[in-house]
Each structure stands twice: as structure tokens, then as C-alpha cells.
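S.K.:
Number of protein chains: 2
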Amino acid sequence: MSVSDQPMRVLRPEKTLRELALEKMRDAIVNMHFRAGERLVERDLCDQLGVSRTIVREVLRHLESEGLVAIQPNRGPIVAETTPEEARQIYEIRGVLEGIAAKACAAQKDPRVVAELERILGGIRASYAANELPAVLSATTDFYRTLFENSGRHVAWGIVNSITARINHLRSMTIKTPDRDKQGPAQMQKIIDAIKAGDGQAAYEAANVHVKNAATIAEALLAEQQGPRSG
Amino acid sequence: MSVSDQPMRVLRPEKTLRELALEKMRDAIVNMHFRAGERLVERDLCDQLGVSRTIVREVLRHLESEGLVAIQPNRGPIVAETTPEEARQIYEIRGVLEGIAAKACAAQKDPRVVAELERILGGIRASYAANELPAVLSATTDFYRTLFENSGRHVAWGIVNSITARINHLRSMTIKTPDRDKQGPAQMQKIIDAIKAGDGQAAYEAANVHVKNAATIAEALLAEQQGPRSG
DNA sequence: CCGCATATTATGGGATACCATAATATCAGC
DNA sequence: GCTGATATTATGGTATCCCATAATATGCGG
Numbered sequence: 001m002s003v004s005d006q007p008m009r010v011l012r013p014e015k016t017l018r019e020l021a022l023e024k025m026r027d028a029i030v031n032m033h034f035r036a037g038e039r040l041v042e043r044d045l046c047d048q049l050g051v052s053r054t055i056v057r058e059v060l061r062h063l064e065s066e067g068l069v070a071i072q073p074n075r076g077p078i079v080a081e082t083t084p085e086e087a088r089q090i091y092e093i094r095g096v097l098e099g100i101a102a103k104a105c106a107a108q109k110d111p112r113v114v115a116e117l118e119r120i121l122g123g124i125r126a127s128y129a130a131n132e133l134p135a136v137l138s139a140t141t142d143f144y145r146t147l148f149e150n151s152g153r154h155v156a157w158g159i160v161n162s163i164t165a166r167i168n169h170l171r172s173m174t175i176k177t178p179d180r181d182k183q184g185p186a187q188m189q190k191i192i193d194a195i196k197a198g199d200g201q202a203a204y205e206a207a208n209v210h211v212k213n214a215a216t217i218a219e220a221l222l223a224e225q226q227g228p229r230s231g
Numbered sequence: 001m002s003v004s005d006q007p008m009r010v011l012r013p014e015k016t017l018r019e020l021a022l023e024k025m026r027d028a029i030v031n032m033h034f035r036a037g038e039r040l041v042e043r044d045l046c047d048q049l050g051v052s053r054t055i056v057r058e059v060l061r062h063l064e065s066e067g068l069v070a071i072q073p074n075r076g077p078i079v080a081e082t083t084p085e086e087a088r089q090i091y092e093i094r095g096v097l098e099g100i101a102a103k104a105c106a107a108q109k110d111p112r113v114v115a116e117l118e119r120i121l122g123g124i125r126a127s128y129a130a131n132e133l134p135a136v137l138s139a140t141t142d143f144y145r146t147l148f149e150n151s152g153r154h155v156a157w158g159i160v161n162s163i164t165a166r167i168n169h170l171r172s173m174t175i176k177t178p179d180r181d182k183q184g185p186a187q188m189q190k191i192i193d194a195i196k197a198g199d200g201q202a203a204y205e206a207a208n209v210h211v212k213n214a215a216t217i218a219e220a221l222l223a224e225q226q227g228p229r230s231g
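Top to bottom, those sequences are chains A and B. According to the UniProt record's numbering, numbering within the first sequence proceeds without interruption in unit steps and concludes at 231. According to the UniProt record's numbering, numbering within the second sequence proceeds without interruption in unit steps and concludes at 231.
1) 8 Å is my cut-off, CB to CB: does S52(A) come that close to chain B?
2) Strictly by DSSP, which residues pair up with R39(A)?
3) On the DSSP letters alone, give me the boundaries of the alpha helix (DSSP H) that Q72(B) sits inside.
4) Looking at E81(A) and the ligand GDP, is the gap between the Cβ and the nearest heavy atom below 7 Å?
5) Do V209(B) and Q187(B) count as a contact pair if the criterion is CB distance below 8 Å?
6) Does the beta carbon of S172(A) sit closer than 8 Å to a beta carbon anywhere in chain B?
7) Kindly list, in the order they appear in chain B, the residues whose Cβ is closer than 9 Å to that of Q72(A).
8) Mind checking if R39(A) is an interface residue toward chain B, Cβ cutoff 8 Å exclusive?
9) How would you label F143(A), buried or exposed, when you count the other beta carbons within 10 angstroms and need 16 or more for buried?
10) When we look at the beta-carbon of D44(A) and count the other beta-carbons within 10 Å, is it buried (16 or more) or exposed?
11) Hey, is H169(B)'s beta-carbon within less than 8 Å of any beta-carbon in chain A?
12) How would you list, in chain order, the residues of chain B whose beta-carbon sits under 8 Å from the beta-carbon of Q108(A)?
13) On the criterion of 16 or more Cβ atoms from any shown chain inside 10 Å, does E14(A) qualify as buried, or is it exposed?
14) Look at R61(B) and R61(A) and say whether their C-beta atoms are less than 8 Å apart.
15) Along the segment 147 to 168 of chain A, where does the CB come closer than 8 Å to a CB of chain B? Name the residues.
16) Comparing the C-beta of H62(A) with each C-beta of chain B, is any distance below 8 Å?
17) Drop a sphere of 10 angstroms on the beta-carbon of A87(B), count the other beta-carbons inside from all chains shown, and report buried for 16 or more, exposed for fewer.
18) Please identify the residue among Q48(B), T54(B), A104(B), L221(B) whose C-alpha is closest to the C-alpha of P178(B).
19) Classify E112(A): buried if its beta carbon has 16 or more other beta carbons within 10 angstroms, exposed otherwise.
20) Run down chain A in chain order and give the residues with a C-beta less than 7 Å from the C-beta of Q89(B).
21) Buried or exposed: T140(B), going by 16 or more other Cβ atoms within 10 Å of its Cβ?
22) Looking at V114(A) and I191(A), is the spacing between their C-beta atoms short of 8 Å?
23) Entirely within the segment 104 to 182 of chain A and at least 4 residues each: give me those alpha helix (DSSP H) ranges in chain order.
24) Quick check: the segment 126 to 136 of chain B against the segment 153 to 167 of chain B, are at least 3 beta-carbon pairs closer than 8 Å?
25) Would you please verify whether the beta carbon of E116(A) is less than 8 Å from any beta carbon of chain B?
26) So if I threshold CB-CB distances at 9 Å, which residues from the segment 211 to 229 of chain A count as touching chain B?
27) What residues in the segment 92 to 107 of chain B have a beta carbon less than 8 Å from any beta carbon of chain A?
28) May I ask you to report which of helix, strand or coil DSSP gives H33(B)?
29) In angstroms with no decimal places, state the Cα-to-Cα distance between K109(B) and R153(B).
30) So the candidates are E118(B), L117(B), V136(B); which of them puts its Cα closest to the Cα of I124(B)?
31) Tell me which same chain residues have a C-beta within less than 8 Å of the C-beta of E81(A), skipping the five on either side of it?
32) Residues of chain A with CB closer than 7 Å to the CB of S127(B), please, in chain order.
33) On the three-state DSSP scale, how would you describe G231(A)?
34) Would you kindly report the start and end of the unbroken alpha helix (DSSP H) that includes V51(A)?
35) By the criterion of Cβ-Cβ separation under 9 Å, what are the contact partners of I66(B) in chain A?
36) Note down, in chain order, every chain A residue with its Cβ under 8 Å from the Cβ of R57(B).
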């Protein structure tokens, strides 16, 4: 039930402090204002967000449930650390869920979906050209949201959106690697082409290739970071 | 890092009130003490749980993030309702994630996994025979946890566990339907056989069949419930 | 200088209070 | 009996407070 379903509905004029604070905190974590492993001291967050401890504690519970925050007994909350193994698992889950969404879009044969995906991909290319990397991430999210929502999979989208937040630091790195500005959009074009052709299997595989490539790049970057520690 | 990894570690003697309350609330929702759509009035929950509103509010945030509770603006929290469409999406997600876990177990060729699965399945059969349906649900959860944990997929298990909680009311119904006490375990036996044979594809498909059958039964039950409303 | 004991501070756990507003109840007029 | 106005209650939003305990700082003796 959306606004278009209920055009008469009176819309709420504003969000609660808690909702606003949650958005701020989530953005701060995903965009690495707070780094993995960093302590989140309740009183400090009160000062930074300008709200009471009640709000901060409720926000921390929400983020804990999302996996973005971990509570250390007798130490308090920290920004959750995603291990390379967890990152690998997250990429795998994304691969299969995104593949299914792409496949379903191919089965629909809806030219509007193709048009929308091409519009978004054009924006991704433009953002790469302008070196606006945050916009690249945001538009990539839009690309996949379009696949999920147009195939009626908002539960899966909720999952993908949530687990992707946990590896946003990796996404920030993978989009910067050499040639990713060409390979990434090319892979997404393949997804669009398969959807346009109504080829579900090709759409599924193209989506998987895109995610697997990102996973491979991320794994290499993590290995670099752990150079002295890994054999 | 577990107890066996760190045998010297001093274990925390107890959980916080919030953790205990969260478990109670989650169990009460999943086991339908609170029904879908039912209002969760904060002060009432304080009385029922014997804790302050701070605890109750934090618990509600956690459950909201898990999708078990929905907040209605100016109306407060209610037990989230899972629509038939959402249930369908949840079964689909489970199908692919459980399939992948089963396939990975088949690739491992670990006889201990097979033994553990057979032990759990024996318990499911015994619980059916004794008509202990809550035990059937619990053991089925153990069966799938075994698949995920033995294939190193705790992120996916977290997701499956969480979304399955949202359709526990349907699970309670599907396990009761005629012949499910035979078909369910038979389908799980097929999963085990495929894992024992090291046949990943067969394991994947067997897991899918098990979930798809459950989804079909749930869909029929939902249609029955909505009889007067659907053509 | 190091180790141990003690003091102090930081901070999470949990409770309570107050306010504003939406929801509900009540009453009066037609 | 219905409708509109008003009063009352319910309840979520938010802030503040207190306590206990873990962490950290400090001091003293060997």
C-alpha cells in the first residue's frame, strides 16, 4: 500500500528523533565516519547527535540487529567488523539473490524496466567519468533495487540492502580499482541485454558474474591489507 | 572464537535483562502468544515482562529491525503481519539459500555431517510419532542449522533463521497437514542421501523440493483462510 | 623501576518522570 | 439518533537520574 494506492492519505509531516538519528548513524557507519572496531560510547553519541541516551540506546539496538554494531559485554558497542570470510559469504548470498531477481525481470519482458536500468547505467557511467565515486555506489544500489522491486521481491531486497551495508567499505574500494569503471558497467550492460532478450538464464549468470567479480576484487584487496599477516 | 577455542575464558554468568526480555518477546511472537496485527502496548509489556519501559522500547527496536514488529505512526507497535506474497518470497529465499548449503555439504563428503543429520531426522520422526509438534519445528530448525554451520555459512543462517521466524505460524500449520509427517521426513531423507552420495546438484534440488512443498501447503492454507475474500 | 593495592573515573544497565498528542469518551443541541 | 464540540485518557517520544561495576589512574613499598 503506497501513496498511489491511497491518494487521500494524510502524510506524516516529519520523522521522530529516533528515525533521524538512526539514519545519521547508519550513514556514518556505512560511509566510514565510524570505522570497524571503533567504540561507540553512548554519552559521546549523545553529544554528537544532540539527543538523549534513550534515543541513542534504541538506535544502537536497531543497528545491532542489522549487524552493523556489535555489543561487547562490559565494553559496550563497537562498529561491527566484517571478516573476509563473512564478506565472502555476503557476496555469495548477493550473487544468488540478485541472480534470481535478474532472471525474473527477464521473464517479465517489460520494456520499462529495461529503460529504467539503462537510464541508471548511463548515470553510473557519467559518475565514473566525473570521478564521483559516492554517486557510483548510490546508483549501483538503485540498479539492483530496480531489479528486485520490479520483480516483486522486496523481502529479498531488504536482505540484500542490509547485508550490503556491512561490506560498503569493500564496495568503496572495489569501484576504485583500475579498469573497474569499464568492467563494472560492461557487466551491468550484459544484465540489461539479457533482460531485454528475455533470457533468464543469461540474466542470472550475468548478475552472478558482476557480483563474483566484485567479490574477487574485494578478496584481493583484503589480502593486500593483511599482507604481513597472511602467508 | 568459541569456548573450545578459549578454554581459559571466564564466561559471563548471566545475560542482561534486555537480552532475557528479547528472548521472551521473540518466543512469544514466534509461538503466537501475540498474534499478527496485535498491538504491543509498551506499558502492558512492562507489566507482563516485569521490566521498565527502557528495556521494552529497546527490545521493540530489535524486533522491529528483525521484521517481527511493525511500528504504526501514532499508533505504536504491532506484531508484524506477513502477507501471503511476503510468505511466498520468504519460501523462495529459503529455497535457494538452503539449497546452496545442502550442495556445499554434499561437496564436503564429511560422514559426521551425515550422521548428525540422520540423528536429527530420527528425532523428527519420533516427535511426529509422539505428536509433539513444537519439537518437530525445533528439530527441523536444527536440521537446517546443521547444513549451514557445517558449510560455514553463518551469515546465510542468520538470514534464514530470521525470515523463517516471520512465517512460523505457517510452519506450525504446514507440519500438521495430512501426510506431512511422512512426506516431510522423506524429503529430508533425500537431502541426506544426496549429501552422503556427494551429489551436490541432487542435494540442492532435494532441499528445494522440501521448501517448495512447504510453500505450496502454506499457500493452500492461506487460500482457505481467505476463502470468502478470494474468488 | 616494577608490582600491587587502592582510589577514581567512565560508562553501560535500568528505572522513572514529564510532555505532547492522538484516541476515546462524554455531553449537548438539533 | 446523529453530529459536533469538549473533556479525558492512553500512550509514545524524549529526557534525566541513579547505581553498579569494569576500566583506568595513582601511589607506595620493595
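Ideal Cβ placement from N, Cα and C applies to all residues, glycine included.
M.R.: Concretely, from the data shown:
1) As a first step, residue 52(A) must be located in the first sequence, where it is residue number 52. No, S52(A) does not count as interfacial toward chain B.
2) In the first sequence, counting from the first residue as 1, residue 39(A) sits at position 39. Bridge partners of R39(A): I78(A).
3) Within the second sequence, the letter at position 72 stands for residue 72(B). It is not in any alpha helix (DSSP H) - Q72(B) instead sits in the beta strand (DSSP E) that spans 69 to 72.
4) Looking at this structure, you won't find the ligand GDP or any other ligand, since it has none at all.
5) Taking the first residue of the second sequence as 1, we reach residue 187(B) at position 187. Taking the first residue of the second sequence as 1, we reach residue 209(B) at position 209. In this structure, Q187(B) lies near V209(B), with their beta-carbon atoms less than 8 Å apart.
6) Residue numbering aside, residue 172(A) sits at position 172 when the first sequence is read from its first letter. No - not a single Cβ of chain B is within 8 Å of the one on S172(A).
7) Looking up residue 72(A) in the first sequence gives position 72. For a Cβ distance threshold of 9 Å, nothing in chain B lies close to Q72(A): the least Cβ distance comes to about 11 Å.
8) Translated into the one-based positions of the first sequence, residue 39(A) becomes position 39. It does not; no Cβ of chain B falls within 8 Å.
9) Within the first sequence, residue 143(A) is the residue found at index 143, counting from 1. By the beta-carbon neighbour count (other beta carbons within 10 angstroms, threshold 16), F143(A) is buried.
10) The residue you call residue 44(A) lines up with position 44 of the first sequence. By the 10 Å Cβ count, D44(A) comes out exposed.
11) As a position in the second sequence, residue 169(B) is number 169, starting the count at 1. Residue contact with chain A for H169(B): absent (no Cβ-Cβ distance below 8 Å to any residue of chain A).
12) By 1-based counting over the first sequence, the position of residue 108(A) is 108. In chain B, no part has a C-beta under 8 Å from the C-beta of Q108(A); the shortest such distance is about 16 Å.
13) Here residue 14(A) is taken as the residue at index 14 of the first sequence, counted from 1. By the neighbour-count rule (16 or more Cβ atoms within 10 Å), E14(A) is not buried but exposed.
14) For the purposes of this step, residue 61(B) is taken as the residue at position 61 of the second sequence. For the purposes of this step, residue 61(A) is taken as the residue at position 61 of the first sequence. By the CB criterion at 8 Å, R61(B) and R61(A) fall inside the cutoff.
15) Answer in chain order: G152, R153, H154, V155, A156, G158, I159, I163.
16) Within the first sequence, numbered from 1, the residue matching residue 62(A) stands at position 62. For H62(A), the answer is yes, since a Cβ of chain B falls inside 8 Å of its Cβ.
17) The residue labelled residue 87(B) in the question sits at position 87 within the second sequence. Buried, because 16 or more other Cβ atoms sit within 10 Å of the Cβ of A87(B).
18) Your numbering for residue 178(B) matches position 178 in the second sequence. Among Q48(B), T54(B), A104(B), L221(B), the Cα nearest to that of P178(B) belongs to L221(B).
19) Against the first sequence, residue 112(A) aligns to sequence position 112. The amino acid at residue 112(A) is misidentified as Glu; the sequence shows Arg. A residue is called buried once 16 or more other Cβ atoms fall within 10 Å of its Cβ, and R112(A), having fewer, is exposed.
20) By 1-based counting over the second sequence, the position of residue 89(B) is 89. Neighbours of Q89(B) on chain A, chain order: R153, V155, A156.
21) Residue mapping note: residue 140(B) aligns to position 140 of the second sequence, counting from 1. Residue environment analysis places T140(B) among the buried positions, since at least 16 neighbouring C-beta atoms fall within 10 angstroms of its C-beta.
22) Taking the first sequence and counting its residues from 1, one reaches residue 191(A) at position 191. Taking the first sequence and counting its residues from 1, one reaches residue 114(A) at position 114. Cβ atoms of I191(A) and V114(A): not closer than 8 Å.
23) You should have 111 to 129, 133 to 150, 154 to 165, 168 to 174.
24) Inter-segment contact for the segment 153 to 167 of chain B and the segment 126 to 136 of chain B is absent: fewer than three beta-carbon pairs are separated by less than 8 Å.
25) By one-based count along the first sequence, residue 116(A) stands at place 116. With 8 Å as the cut-off, E116(A) does not count as an interface residue toward chain B.
26) The segment 211 to 229 of chain A vs chain B, Cβ under 9 Å: nothing.
27) Under the 8 Å Cβ criterion, the segment 92 to 107 of chain B contributes E92, I93, V96, L97, I100.
28) Reading the second sequence from its first residue, position 33 is the one you call residue 33(B). In the structure shown, the three-state DSSP call for H33(B) is coil.
29) Numbered from its first residue, the second sequence carries residue 109(B) at position 109. Numbered from its first residue, the second sequence carries residue 153(B) at position 153. Take the alpha-carbon of K109(B) and the one of R153(B): they are about 17 Å apart.
30) Mapped onto the second sequence, residue 124(B) falls at position 124. For I124(B), the nearest C-alpha among the options comes from V136(B).
31) Translated into the one-based positions of the first sequence, residue 81(A) becomes position 81. Same-chain partners within the cutoff: A36, G37, A70.
32) As a first step, residue 127(B) must be located in the second sequence, where it is residue number 127. Residues of chain A passing the Cβ test: none, with the nearest at roughly 29 Å.
33) By 1-based counting over the first sequence, the position of residue 231(A) is 231. Legend: pLDDT at G231(A) = 40, less than 50; position of this residue unreliable, value from coordinates given subsequently. In this structure, G231(A) counts as coil in the three-state DSSP scheme.
34) Along the first sequence, read from residue 1 onward, the residue named residue 51(A) stands at position 51. Element bounds for V51(A): n/a, residue is neither H nor E.
35) Against the second sequence, residue 66(B) aligns to sequence position 66. One detail in the question is off: residue 66(B) reads as Glu in this sequence, not Ile. Simply S65.
36) Within the second sequence, the letter at position 57 stands for residue 57(B). The answer, in chain order, is T54, E58.
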